[in-house]
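A.B. asks: The structure's right below; bear with me while I get my questions together.
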Amino acid sequence: MYVRYLLLIFVICSPVNSTLAADRERDEINVKPTLQYGAQIYVERCVLCHGIEGKGKGLIPKKIKNYPSTNLHTSHYPAGRNSIKKNIIYGGSLGKMSNLMPPMGNDLTWSQLESVVDFILLLRSDPSKANTLIGNARKHQTISRRIGREIFKGRCVLCHGKFGEGDGRMARVIKNPPPFDLTSSRLPDSYLNSIISKGGEAMGRSLQMPPWKDELSGTEIESVILYIKSLRD
Numbered sequence: 062m063y064v065r066y067l068l069l070i071f072v073i074c075s076p077v078n079s080t081l082a083a084d085r086e087r088d089e090i091n092v093k094p095t096l097q098y099g100a101q102i103y104v105e106r107c108v109l110c111h112g113i114e115g116k117g118k119g120l121i122p123k124k125i126k127n128y129p130s131t132n133l134h135t136s137h138y139p140a141g142r143n144s145i146k147k148n149i150i151y152g153g154s155l156g157k158m159s160n161l162m163p164p165m166g167n168d169l170t171w172s173q174l175e176s177v178v179d180f181i182l183l184l185r186s187d188p189s190k191a192n193t194l195i196g197n198a199r200k201h202q203t204i205s206r207r208i209g210r211e212i213f214k215g216r217c218v219l220c221h222g223k224f225g226e227g228d229g230r231m232a233r234v235i236k237n238p239p240p241f242d243l244t245s246s247r248l249p250d251s252y253l254n255s256i257i258s259k260g261g262e263a264m265g266r267s268l269q270m271p272p273w274k275d276e277l278s279g280t281e282i283e284s285v286i287l288y289i290k291s292l293r294d
């Protein structure tokens with residue numbers, strides 16, 4: 062019954078090692094951690110499961126029956142800064158939360174990690190201020206391939222694959238039709254906008270493709286389109 066939403070269960074998970082992604086993200090070497098930056102990372106990476114307010118009302122928990130609680134305001138999640146950081150780096154592999162929580166140590170720069178940890182602490186201590194920062198993060202977004210890449214990594218890789226070739230993890234079980242090879246697509250921007258916003262069923266395509274209009278802003282959708290076009294052959 063919930064097959065069409067299975068593709069949302071995972072986000073891209075790279076093997077975790079002791080070196081964070083900061084070593085390879087030279088373009089952010091001078092970016093200092095800030096709460097506003099943390100809000101931006103939270104919007105891009107965390108709302109799918111934890112929801113905008115961190116109360117577990119993301120798209121996945123709302124759609125999948127008996128999904129583990131993702132409410133960051135409960136005692137189920139660690140309160141200390143170091144514990145929060147470890148859980149973000151290693152995910153569910155630590156055994157202290159659902160194993161559906163992916164490790165992000167390889168995906169976040171040092172600045173991104175420190176910023177999002179600070180933001181989660183603020184989300185718990187001062188939800189009103191945190192929500193204001195989230196609003197600012199979304200309001201001031203501009204269309205960019207970088208934002209599109211981050212959203213693609215968090216929401217699209219599972220089916221479409223790291224390079225958009227339709228060879229993501231779910232391609233092993235989604236067969237009729239299989240995930241689309243985005244590198245061969247020449248569909249116009251207007252069509253891409255419609256299928257991302259409305260989902261595959263509304264467009265007469267795969268039922269496994271969910272609608273994203275309630276989860277992504279117009280700017281975010283246009284950024285994803287920009288990134289998808291960069292993957293084309």
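Quick note, the sequence shown lines up with residues 62 to 294 if you use the numbering used here. Glycine residues also receive a C-beta, built at the ideal position from the N, C-alpha and C atoms.
1. Going by the CB atoms, is the gap between Gln-269 and Asn-197 shorter than 9 Å?
2. In or out: Phe-241 buried (at least 16 other Cβ within 10 Å) or exposed?
3. Following the continuous alpha helix (DSSP H) through Ala-100, name the residue where it begins and the one where it ends.
4. Specify the secondary structure class of Asn-132 as computed by DSSP and reduced to three states.
5. Which same chain residues end up closer than 6 Å to Arg-106 when comparing Cβ atoms and leaving out the 5 residues on each side of it in sequence?
6. Going by the beta-carbon positions, is the gap between Leu-277 and Ile-257 smaller than 9 Å?
7. Where in the segment 218-257 do unbroken runs of the beta strand (DSSP E), each at least 3 residues long, occur, reported from the N-terminal end onward?
8. Specify, as a first and last residue, the run of the alpha helix (DSSP H) that Pro-272 falls within.
9. Does the separation of the CB atoms of Ser-284 and Arg-206 fall below 9 Å?
10. So, with DSSP's three-state summary, where would you put Lys-190?
C.D. replies: Well, looking at it:
1. no
2. buried
3. 96-106
4. strand
5. Gly-215
6. yes
7. none
8. Premise fails: Pro-272 is in no alpha helix (DSSP H) and is neither H nor E.
9. yes
10. helix
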